[in-house]
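Asker:
Protein chains: 2
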Amino acid sequence: MRFQSLRGFRDFYPEEMAARRKVLDKIFKEVQKYGFREIDAPSVESLELYRIKSGEEILTQTFSFADRGNREVTLIPELTPTVARMVVEREKSLKRPIKWFSMPKMWRYEEPQAGRLREFYQLNVDIFGVPGPEADAEVLAVGIGLMLKLGLEGNFIFKVSDRRLMHGVLDDMGIENKGAVFAAIDKRYKVSEPEFKDMLLSAGLDDLKVGRLLAILDSRGPLAESLQRLKGLVSLENKATLEGFESLERLADLMAMYRMEQYCELDPSVIRGLAYYTGTVFECYDTKGELRAIFGGGRYDNIIELFGGEPMPAVGFGMGDAVLEILMRRAGVWPEEKIATDYFVLTTSPKFMETAIFLAQALRDRGYIVETDLLSRSFSNQMRYANSIGAKHVLILGEKEMAEGKVSIKDMETGGQETIEVIKFLESSSQ
Amino acid sequence: MRFQSLRGFRDFYPEEMAARRKVLDKIFKEVQKYGFREIDAPSVESLELYRIKSGEEILTQTFSFADRGNREVTLIPELTPTVARMVVEREKSLKRPIKWFSMPKMWRYEEPQAGRLREFYQLNVDIFGVPGPEADAEVLAVGIGLMLKLGLEGNFIFKVSDRRLMHGVLDDMGIENKGAVFAAIDKRYKVSEPEFKDMLLSAGLDDLKVGRLLAILDSRGPLAESLQRLKGLVSLENKATLEGFESLERLADLMAMYRMEQYCELDPSVIRGLAYYTGTVFECYDTKGELRAIFGGGRYDNIIELFGGEPMPAVGFGMGDAVLEILMRRAGVWPEEKIATDYFVLTTSPKFMETAIFLAQALRDRGYIVETDLLSRSFSNQMRYANSIGAKHVLILGEKEMAEGKVSIKDMETGGQETIEVIKFLESSSQ
Numbered sequence: 001m002r003f004q005s006l007r008g009f010r011d012f013y014p015e016e017m018a019a020r021r022k023v024l025d026k027i028f029k030e031v032q033k034y035g036f037r038e039i040d041a042p043s044v045e046s047l048e049l050y051r052i053k054s055g056e057e058i059l060t061q062t063f064s065f066a067d068r069g070n071r072e073v074t075l076i077p078e079l080t081p082t083v084a085r086m087v088v089e090r091e092k093s094l095k096r097p098i099k100w101f102s103m104p105k106m107w108r109y110e111e112p113q114a115g116r117l118r119e120f121y122q123l124n125v126d127i128f129g130v131p132g133p134e135a136d137a138e139v140l141a142v143g144i145g146l147m148l149k150l151g152l153e154g155n156f157i158f159k160v161s162d163r164r165l166m167h168g169v170l171d172d173m174g175i176e177n178k179g180a181v182f183a184a185i186d187k188r189y190k191v192s193e194p195e196f197k198d199m200l201l202s203a204g205l206d207d208l209k210v211g212r213l214l215a216i217l218d219s220r221g222p223l224a225e226s227l228q229r230l231k232g233l234v235s236l237e238n239k240a241t242l243e244g245f246e247s248l249e250r251l252a253d254l255m256a257m258y259r260m261e262q263y264c265e266l267d268p269s270v271i272r273g274l275a276y277y278t279g280t281v282f283e284c285y286d287t288k289g290e291l292r293a294i295f296g297g298g299r300y301d302n303i304i305e306l307f308g309g310e311p312m313p314a315v316g317f318g319m320g321d322a323v324l325e326i327l328m329r330r331a332g333v334w335p336e337e338k339i340a341t342d343y344f345v346l347t348t349s350p351k352f353m354e355t356a357i358f359l360a361q362a363l364r365d366r367g368y369i370v371e372t373d374l375l376s377r378s379f380s381n382q383m384r385y386a387n388s389i390g391a392k393h394v395l396i397l398g399e400k401e402m403a404e405g406k407v408s409i410k411d412m413e414t415g416g417q418e419t420i421e422v423i424k425f426l427e428s429s430s431q
Numbered sequence: 001m002r003f004q005s006l007r008g009f010r011d012f013y014p015e016e017m018a019a020r021r022k023v024l025d026k027i028f029k030e031v032q033k034y035g036f037r038e039i040d041a042p043s044v045e046s047l048e049l050y051r052i053k054s055g056e057e058i059l060t061q062t063f064s065f066a067d068r069g070n071r072e073v074t075l076i077p078e079l080t081p082t083v084a085r086m087v088v089e090r091e092k093s094l095k096r097p098i099k100w101f102s103m104p105k106m107w108r109y110e111e112p113q114a115g116r117l118r119e120f121y122q123l124n125v126d127i128f129g130v131p132g133p134e135a136d137a138e139v140l141a142v143g144i145g146l147m148l149k150l151g152l153e154g155n156f157i158f159k160v161s162d163r164r165l166m167h168g169v170l171d172d173m174g175i176e177n178k179g180a181v182f183a184a185i186d187k188r189y190k191v192s193e194p195e196f197k198d199m200l201l202s203a204g205l206d207d208l209k210v211g212r213l214l215a216i217l218d219s220r221g222p223l224a225e226s227l228q229r230l231k232g233l234v235s236l237e238n239k240a241t242l243e244g245f246e247s248l249e250r251l252a253d254l255m256a257m258y259r260m261e262q263y264c265e266l267d268p269s270v271i272r273g274l275a276y277y278t279g280t281v282f283e284c285y286d287t288k289g290e291l292r293a294i295f296g297g298g299r300y301d302n303i304i305e306l307f308g309g310e311p312m313p314a315v316g317f318g319m320g321d322a323v324l325e326i327l328m329r330r331a332g333v334w335p336e337e338k339i340a341t342d343y344f345v346l347t348t349s350p351k352f353m354e355t356a357i358f359l360a361q362a363l364r365d366r367g368y369i370v371e372t373d374l375l376s377r378s379f380s381n382q383m384r385y386a387n388s389i390g391a392k393h394v395l396i397l398g399e400k401e402m403a404e405g406k407v408s409i410k411d412m413e414t415g416g417q418e419t420i421e422v423i424k425f426l427e428s429s430s431q
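Residue numbers (full-length UniProt numbering), protein chains in the order written: chain A, 1 to 431; chain B, 1 to 431.
1) For the region 160-223 of chain B, list the alpha helix (DSSP H) runs that are entirely contained and at least 4 residues long, ordered along the chain.
2) For chain B, find out if any of its Cβ atoms is closer than 8 Å to the Cβ of proline 112 of chain A; answer yes or no.
3) Under the three-state reduction of DSSP, which class applies to tyrosine 343 of chain A: helix, strand or coil?
4) Out of A:Glu354, A:Thr241, A:Ser5, which one is the CA nearest neighbour of valine 83 of chain B?
5) Let me confirm a value: lysine 410 of chain B is counted as buried when at least 16 other C-beta atoms fall within 10 Å, else exposed. Which label applies?
6) Residue range of the alpha helix (DSSP H) that tyrosine 13 of chain A falls in?
7) So, are the CB atoms of phenylalanine 295 of chain B and glycine 308 of chain A less than 8 Å apart?
8) Determine whether the beta carbon atoms of aspartate 40 of chain B and methionine 17 of chain A lie at a separation below 8 Å.
9) Nearest-angstrom Cα distance between glutamate 56 of chain A and leucine 47 of chain A?
10) Hey, how far is the Cα of lysine 209 of chain A from the Cα of proline 335 of chain A?
11) How far does the beta strand (DSSP E) with valine 44 of chain A in it extend, from its first residue to its last?
12) So, at 6 Å on beta carbons, what are the nonlocal neighbours of glutamate 237 of chain A in its own chain, with the 5 sequence-adjacent residues on each side left out?
13) Taking just the CA atoms, how far does isoleucine 369 of chain B sit from glutamate 391 of chain B?
14) Just to make sure I have the definition right: I need the residues of chain B whose C-beta is within less than 7 Å of the C-beta of valine 315 of chain A. Which are they?
15) Of all the CB atoms in chain B, is at least one closer than 8 Å to the CB of aspartate 126 of chain A?
16) Who are the neighbours of glutamine 262 of chain B on chain A, taking C-beta pairs under 9 Å?
17) Which residue comes first and which comes last in the beta strand (DSSP E) that contains arginine 299 of chain A?
18) Among the residues of its own chain, which have a CB less than 6 Å from the CB of lysine 22 of chain A, if the five just before and after it don't count?
19) May I ask you to list the residues that DSSP assigns as paired with methionine 106 of chain A?
20) Output the distance between the C-alpha atoms of proline 311 of chain A and phenylalanine 128 of chain A, rounded to the nearest integer angstrom.
21) Out of B:Arg68, B:Gly69, B:Ser64, B:Glu72, which has the shortest C-alpha to C-alpha gap to asparagine 70 of chain A?
22) If you run the structure through DSSP and keep just helix, strand and coil, what is valine 422 of chain B?
23) Roughly how many angstroms separate the alpha carbons of isoleucine 76 of chain A and arginine 220 of chain B, rounded to a whole number?
24) Residues of chain A with CB closer than 8 Å to the CB of histidine 334 of chain B, please, in chain order.
25) Mind pulling the chain A residues with CB within less than 7 Å of aspartate 67 of chain B?
26) Measuring from the CB of glutamine 32 of chain A, is there a heavy atom of the ligand MN at a distance below 7 Å?
27) Can you give me the Cβ contacts of serine 192 of chain B inside the same chain, cut-off strictly under 6 Å, excluding the 5 residues immediately before and after it?
28) Closer than 8 Å, Cβ to Cβ, to anything on chain A: give me those residues from the region 329-353 of chain B, in chain order.
29) Considering only residues of the same chain and omitting the five flanking positions on each side of isoleucine 185 of chain B, which have a CB-CB separation below 6 Å?
30) Compute the beta-carbon to beta-carbon distance between proline 104 of chain A and arginine 250 of chain A, rounded to the nearest angstrom, for a pair I have assumed lies under 8 Å.
31) Closer than 7 Å by beta-carbon distance: list the chain A residues that pair up with leucine 105 of chain B, in chain order.
32) Ignoring anything shorter than 3 residues, give me the beta strand (DSSP E) runs that lie fully in the region 233-301 of chain B, in order along the chain.
33) Counting contacts by CB-CB distance shorter than 8 Å, is glutamate 371 of chain B in contact with chain A?
34) Measuring alpha carbon to alpha carbon, tell me which of A:Asp218, A:Met257, A:Glu38 ends up nearest threonine 355 of chain B.
35) Determine, using beta-carbon pairs with one atom in the region 378-385 of chain B and one in the region 321-337 of chain B, whether at least three such pairs fall under 8 Å.
36) Could you give the residue range of the beta strand (DSSP E) that holds aspartate 411 of chain B?
Written out as structure tokens, the structure reads:
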């Protein structure tokens with residue numbers, strides 16, 4: 001009988017993992033440079049904690065169950081409730097701003113498809129305690145910064161808006177069922193234009209209002225420019241609209257300070273389905289528009305209160321690994337999937353094993369990745385193995401060399417080979 | 001309402017995580033230097049896969065459940081079945097030896113106590129495809145190497161034995177119920193000496209046999225020496241005893257080649273409860289004998305066949321993070337729990353934010369960890385925050401400095417401060 005992994009779950013063999021590890025290292029390094037601090041948290045939480053934000057609906061999409069103590073628990077489908085819990089538990093002592101990140105596994109019981117898995121990793125970046133757009137800008141800058149560091153320049157665009165903006169606009173239009181309109185806008189790019197109009201009409205808008213709304217939604221493009229255009233289409237008398245507008249203007253200024261305004265565009269259609277966003281919202285897409293969103297995030301100032309804490313502003317994003325990998329592969333910047341070795345120590349006789357281990361240990365002490373032969377193989381089989389593990393150098397312990405206290409070093413790239421005294425080799429191999 | 005994490009699950013706040021990350025980095029680096037390759041695998045597997053090795057008993061100790069598709073699944077309580085599955089899936093193409101490691105989360109539904117949690121990390125290191133003690137020695141060397149790299153010299157000892165040895169000894173004694181004797185030996189250090197003798201008697205040994213067995217079990221101490229002593233107490237006519245003995249002798253030689261024999265001792269009482277070990281077995285303990293085992297491992301040559309593959313020898317170990325942390329704390333080598341920052345950029349007026357962001361981004365490009373003020377705080381509040389994030393330097397953007405294109409750099413360790421031109425600062429800050 002042979003076993004398989006569950007559907008929507010992934011195995012990563014060494015070559016695949018080596019590439020992933022390079023990507024993960026770049027992501028961690030970039031996020032940390034902005035002063036975000038790594039946290040780690042349980043993968044299993046009480047279901048109650050995860051019901052609060054998302055309601056019963058979440059039950060149909062989680063790996064949740066009763067544990068042996070009959071507690072209702074769930075594998076975490078996102079991290080925000082956990083992070084909120086951790087903030088609330090130490091809200092008195094934590095210095096503000098609280099800048100946290102982590103990239104744990106998460107689980108959702110959804111139908112697996114390209115870019116959507118049942119088990120995935122998601123980078124979470126959050127700032128708590130900052131009410132102003134300075135935090136929104138920093139969070140955006142981290143997101144843009146890591147896309148750039150991953151070599152994706154030209155392949156992505158951040159679409160930015162502010163929930164208050166559309167809120168005010170719909171207010172001014174006298175629309176009561178805002179939820180239905182938001183839901184329609186949220187689906188805009190997933191349906192055809194006629195379908196979209198139908199959705200707006202059935203949400204209670206008349207043709208005139210649909211026309212006005214479309215004009216506003218179409219005010220998209222470069223941040224500062226598009227905001228100017230939008231100014232003529234909305235009433236800044238409305239408090240919510242004004243707040244959203246001014247916040248976006250400040251955000252545009254800040255993104256210019258980061259020299260990153262070119263990676264952002266205004267798109268009033270960005271809503272982010274989840275009801276809890278309160279201000280800035282953004283999504284990162286591939287420029288070709290082929291993939292689902294790579295990032296999603298924004299401001300959710302009510303979250304800490306929702307989880308029992310004192311009110312505390314919050315802004316952040318989540319980035320899953322699955323869509324990112326697809327984008328990187330398409331852009332040709334996914335790292336080469338291969339393992340690397342600095343030295344393979346080749347022994348031509350079992351009697352040289354002591355020297356082989358001595359040399360290997362000395363090289364490992366210097367920080368190198370080193371393998372020796374564990375299978376008493378022939379010269380050619382050892383060479384073949386050295387090749388398969390991507391060894392840069394092979395140290396050859398042959399009869400002649402050993403008799404003279406020497407070792408041959410084969411450069412596996414150039415094929416060149418030299419023979420030097422063991423002592424000199426060790427002196428020269430310090431990193 | 002306030003929420004808490006589940007019992008036996010841990011939150012890691014930034015300071016705690018910073019210390020853990022240092023430990024994890026050291027572990028990963030050490031294991032990789034021996035040419036072990038990182039893999040990653042699902043946290044949820046079909047329960048069937050995990051029943052094979054451990055039987056129904058495992059059901060009482062796992063977080064297992066029926067998923068929404070009514071599959072019986074489990075959070076992994078160990079990694080071996082998953083690794084075996086992955087080896088079997090690619091047994092045709094994987095180059096031998098297969099040297100893999102990973103350090104995933106695992107879950108066991110046990111009563112939480114010191115060093116035992118419901119959610120923990122476990123380092124897994126395995127070599128597949130090598131029948132000889134060369135692999136056992138390398139696996140042991142990695143284990144010892146990482147204890148040394150963690151600063152634990154003098155705090156640990158590896159107790160080594162071979163299952164074949166005791167098997168042969170019990171054979172020669174004509175003992176039929178070997179399982180009961182192994183179970184008793186496995187508990188030896190958990191019960192008193194009289195209790196232990198009683199267990200042996202009730203397993204069917206007479207006083208004479210108990211005496212002989214105790215003499216053999218007490219042949220512990222330095223590897224090579226103790227093996228010599230043991231030689232006089234067992235019959236090497238027995239095939240199993242001979243194989244175990246010769247394998248241990250070779251292992252002792254190899255550990256001497258690694259210059260690590262001083263960290264190993266023979267202890268024939270080491271059995272490792274799990275039935276699947278077939279040769280070498282070892283456990284790493286704190287020298288004070290206060291804690292449960294830190295490592296456990298050995299040779300389990302039947303594992304791949306058990307999971308449906310062609311027979312393939314295997315040796316490896318697992319090391320949980322919980323006991324290791326306790327040992328490191330007691331030994332005073334757990335890293336300091338603090339976060340670190342290279343630069344905090346202090347702005348004395350909002351009008352300097354553009355420069356602050358410019359400088360911060362320039363420093364981040366050079367690889368530094370940098371924060372700016374997001375809260376328009378006073379000078380002293382910014383200084384206080386800089387202190388709280390462990391900033392090594394504070395860049396002060398004051399009116400006077402800015403007017404002259406200069407910046408002041410405060411060294412937070414010495415308290416010293418100098419004012420230099422922004423351009424010169426940027427030139428000098430290249431890493």
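Even for Gly, the Cβ is constructed at its ideal location relative to N, Cα and C.
Answerer: Once the coordinates are examined:
1) 163-172, 178-186, 193-202, 207-217
2) At a cut-off of 8 Å, the C-beta of proline 112 of chain A has no neighbouring C-beta in chain B.
3) strand
4) Scanning A:Glu354, A:Thr241, A:Ser5 for the CA closest to the CA of valine 83 of chain B turns up A:Ser5.
5) buried
6) Looking at the DSSP string, tyrosine 13 of chain A is not in any alpha helix (DSSP H), and its letter there is neither H nor E.
7) In this structure, the beta-carbon distance from phenylalanine 295 of chain B to glycine 308 of chain A does not fall below 8 Å.
8) yes
9) Their backbone Cα atoms lie some 10 Å apart in a straight line.
10) 49 Å
11) 44-46
12) none
13) Sequence inspection shows alanine at residue 391 of chain B; the glutamate mentioned does not correspond to that position. Each residue's alpha carbon lies about 9 Å from the other.
14) Result: empty, since nearest Cβ-Cβ is about 10 Å, beyond 7 Å.
15) no
16) Neighbours of glutamine 262 of chain B on chain A: none; closest Cβ ~14 Å, over 9 Å.
17) 295-299
18) Pro335
19) A:Phe120
20) Distance between the alpha carbons of proline 311 of chain A and phenylalanine 128 of chain A: 10 Å.
21) For asparagine 70 of chain A, the closest alpha carbon among the candidates B:Arg68, B:Gly69, B:Ser64, B:Glu72 is that of B:Ser64.
22) helix
23) 48 Å
24) Strictly speaking, residue 334 of chain B in this sequence is tryptophan, with histidine absent from that position. What tryptophan 334 of chain B touches in chain A: nothing, since even the nearest Cβ is about 16 Å away.
25) Phe63, Tyr109
26) What this structure holds is no ligand at all, so the ligand MN is not there to describe.
27) none
28) Ile339, Thr341, Met353
29) Ser269, Ile271
30) Contact flag wrong, Cβ pair sits at about 32 Å.
31) Residue 105 of chain B is actually lysine in this sequence, not leucine. What lysine 105 of chain B touches in chain A: Ser43.
32) 264-266, 280-286, 295-299
33) yes
34) A:Met257
35) Under the 8 Å Cβ criterion, the region 378-385 of chain B does not count as touching the region 321-337 of chain B, having fewer than three qualifying pairs.
36) 406-411
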